[in-house]
Ligand SMILES: [Zn+2]
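In this note's numbering, the protein residues as written are 55 to 451.
Laid out in structure tokens, this is it:
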């Protein structure tokens with residue numbers, strides 16, 4: 055499977071300047087493209103290729119720069135057309151349309167193998183810059199990264215972040231064949247992703263949910279952050295904006311860290327017990343629950359997509375199969391008798407089946423439904439005669 059290895063470059067001052075100039079070239083080209091009204095890849099290539107070439111870049115990096123600029127203009131045109139900057143003729147629309155596209159100074163610049171080559175023996179790279187081919191740019195990495203990089207092929211991104219240059223290399227890593235889980239719903243660890251509890255699994259005892267990812271610690275911190283953000287946004291001064299940015303990064307690091315721990319523990323649990331992991335198709339998480347205003351902020355600021363990606367990735371590396379199930383009705387269906395009714399869910403936390411009277415924790419009930427659906431989805435995908443894997447429909451429809 056594909057994986058990104060990040061290594062830090064340690065360039066000499068002259069190399070540093072050349073790398074900086076290479077990344078800055080994109081903004082320069084974007085400026086020219088704006089004033090000459092060039093937008094498509096083709097138009098940019100025809101008009102500006104010779105000019106970019108004379109700046110010292112060889113053919114491939116020159117084309118990369120032009121493509122990157124053309125793609126940025128295409129994205130902007132899409133946003134203008136979709137009305138994301140207001141109506142045509144409005145102040146905002148005109149301001150955006152009349153200005154050149156600006157790349158953040160740390161926007162990534164892709165290089166393929168012809169433009170950036172790795173010398174693993176000396177831990178250096180050779181890279182095309184505006185100063186020509188620059189050899190012997192040192193990088194530092196861990197031994198395990200070194201091993202992965204030795205077998206790498208394909209594109210590498212050059213990224214400038216917090217005053218340092220990094221290389222993001224795509225590597226292919228071998229992962230074990232997933233082991234088939236036991237052929238029943240018990241062969242699956244159901245994971246319910248939610249707002250009050252980030253993740254509740256079929257294994258969790260609802261009475262003693264791990265406080266690290268429950269309503270306690272994480273939610274309190276998320277709420278505090280959301281409130282702080284709102285205040286800073288209202289202030290709107292330069293220093294408030296700066297604080298907001300630092301704050302956002304800190305929050306992202308916190309979310310990434312929690313997601314990492316959580317996904318690790320979930321995958322380890324499934325692997326240890328030889329089970330698969332069943333999760334909901336997350337594109338539905340925002341529609342599934344109707345939320346109060348405050349909750350909506352929490353939901354949007356949390357990295358659910360990242361959490362799911364981390365579980366998927368770690369499961370693949372561990373040979374644990376993952377089943378993605380239809381999220382419809384998983385929180386309304388009784389995991390004991392299968393009766394589906396919106397009224398089954400009495401409150402955020404409590405589920406009481408109107409049919410069989412079974413009472414339990416809402417998220418835990420959902421996790422059990424997800425495990426059963428995971429089993430059915432997996433069986434359907436394995437068998438030649440597919441079994442319907444859609445959840446039961448609500449009563450009365
Ligand atoms: Zn029931």
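Glycine residues also receive a C-beta, built at the ideal position from the N, C-alpha and C atoms. The model shown is predicted, which means the values in this text are computed figures rather than measured ones.
Asked	Found
Outcome for residue 401 when other beta-carbon atoms lying within 10 angstroms are tallied against a minimum of 16	exposed
Residue 407 Cβ short of 6 Å to ligand 1 heavy atom set	yes
DSSP state of residue 338 mapped onto helix, strand, coil	With a pLDDT of 49 at residue 338, under the threshold of 50, the modelled position of that residue is not reliable, and the figure given next carries that caveat. Note: residue 338 maps to helix in three-state DSSP.
7 Å Cβ cutoff met for residue 220 and residue 62	yes
Reduced DSSP secondary structure (H/G/I, E/B, other) of residue 320	helix
Cutoff 8 Å; reference residue 111; Cβ partners in own chain excluding five residues on either side	76, 79, 119, 182, 183 and 184
Contacting residues, own chain, Cβ-Cβ under 6 Å from residue 60 (five flanking each side not counted)	220 and 222
Bridge partner(s) assigned by DSSP for residue 219	214
Under the three-state DSSP convention, the category residue 375 falls into	coil
Three-state secondary structure (DSSP) of residue 142	coil
Which of helix, strand or coil DSSP assigns to residue 85	helix
Cβ shell of residue 371 (< 6 Å), same chain only, five flanking positions each side left out	229
Beta-carbon gap between residue 396 and residue 408 smaller than 7 Å	no
Proximity test, residue 391 beta-carbon vs ligand 1 heavy atom, cut-off 6 Å	yes
Simplified DSSP state of residue 56, which is helix, strand or coil	strand
Those residues which DSSP pairs with residue 62 across a bridge	194 and 220
Residue 198 beta carbon near ligand 1 (any heavy atom closer than 6 Å)	no
For residue 253, the first and last residue of its enclosing beta strand (DSSP E)	253-255
Spatial distance of residue 206 from residue 241 (CA atoms)	36 Å
Near ligand 1: residue 394 beta-carbon under 6 Å from a heavy atom	no
CB-CB length for residue 163 against residue 212, believed under 8 Å	5 Å
C-alpha distance - residue 227 paired with residue 369, whole-angstrom precision	14 Å
Euclidean distance between Cα positions of residue 100 and residue 93	11 Å
Beta-carbon spacing of residue 114, residue 168 below 7 Å	yes
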